[in-house]
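Asks:
Residue numbers (the working numbering): 38 to 300.
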């Protein structure tokens, strides 16, 4: 890791990875967890508009790879399939991502910002010209970013194909995945709900699910919230913005938006 960069990206989100592609040598992406694209992939957020054509070259390349791998077809996506693709891209495309790395402190400096990072190697000071926080909660400046407008707990289901779509009702929506046996089951929770209370709300809704999902099984419950948040950027200070990746319609759209924004 160098000590001077043009851009510090907070969050290995889809938008964050897109930004990194624009200037790999002078960009550093830091992620406090080991997750890539948590706002979509680990939240099991399916999204909408998968048929929308990407604007950037990297967005087009990613979409073609998803099509080639049968992860995306006819506007339907297999969300878990994106995870290994993105982890592999970080390695093969040499994206500058530092996982399990926290931002301890940010102060203005003559050259931009002096930032203290912390991970298993200890504290590392870096100097950057600009900061782009792509996390939903604006981790680098809590309380100063864009406010959530909605929050959900979602899960991936394995189930026999059922006839017709299941309409949204009582804060529950069900989306069809790429393959006939998969659904995304999403439950709206209060915006201020903590994780334990939100999961309790989710499991109550699951217990009262539509009869057509009676034979369905919970393959995996999201590890983080699926949030609704307005699009950025919002200026935190000169050279420091909040650009929440979760604001975009789907994972591919967020990646493409990051590529365009980082230009």
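Ideal Cβ positions, reconstructed from N, Cα and C, are used throughout, including at glycine.
Do the region 89–98 and the region 291–299 touch if we need at least three Cβ pairs shorter than 8 Å?
Replies: Touching, per the Cβ criterion.
Asks: Tell me which residue opens and which closes the alpha helix (DSSP H) that residue 292 is part of.
Replies: Where residue 292 is concerned, the enclosing alpha helix (DSSP H) stretches over 288–298.
Asks: Relative to the C-alpha of residue 77, which candidate in 52, 61, 232 has its C-alpha closest?
Replies: The candidate whose alpha carbon is nearest that of residue 77 is 52.
Asks: Is the distance from the Cβ of residue 133 to the Cβ of residue 65 below 7 Å?
Replies: Yes. Within cutoff.
Asks: How many Å lie between residue 286 and residue 193 at the Cα?
Replies: Each residue's Cα considered, the two are about 18 Å apart.
Asks: Any heavy atom of the ligand FAD within a distance shorter than 6 Å of the CB on residue 159?
Replies: Looking for the ligand FAD in the displayed structure turns up nothing, as the structure carries no ligands at all.
Asks: So which of 89, 205, 217 has the shortest CA-CA distance to residue 242?
Replies: That would be 205, whose Cα lies nearest to the Cα of residue 242.
Asks: Roughly how many angstroms lie between the CA atoms of residue 46 and residue 252, to the nearest whole one?
Replies: So the alpha carbons of these two residues sit roughly 43 Å apart.
Asks: Should the region 270–281 be regarded as contacting the region 216–227, the criterion being three or more beta carbon pairs within less than 8 Å?
Replies: Result no; under three Cβ-Cβ pairs closer than 8 Å.
Asks: What's the gap between the Cα of residue 72 and the Cα of residue 238?
Replies: Computed Cα separation, rounded: 25 Å.
Asks: Quick check on the DSSP output: what are the complete beta strand (DSSP E) runs of length 3 or more inside the region 68–145, in order along the chain?
Replies: The qualifying runs do not exist here; there are none.
Asks: Flag this pair as yes or no: are the beta carbons of residue 167 and residue 44 separated by less than 7 Å?
Replies: The answer is yes: Cβ separation under 7 Å.
Asks: How far does the beta strand (DSSP E) with residue 217 in it reach, from first residue to last?
Replies: Looking at the DSSP string, residue 217 is not in any beta strand (DSSP E), and its letter there is neither H nor E.
Asks: Does the pairing of the region 252–270 with the region 154–166 give three or more beta-carbon distances under 8 Å?
Replies: Flag = no, the region 252–270 and the region 154–166 do not touch.
Asks: According to DSSP, which residues form a beta bridge with residue 162?
Replies: Looking at the DSSP assignment, residue 162 forms a beta bridge with 153.
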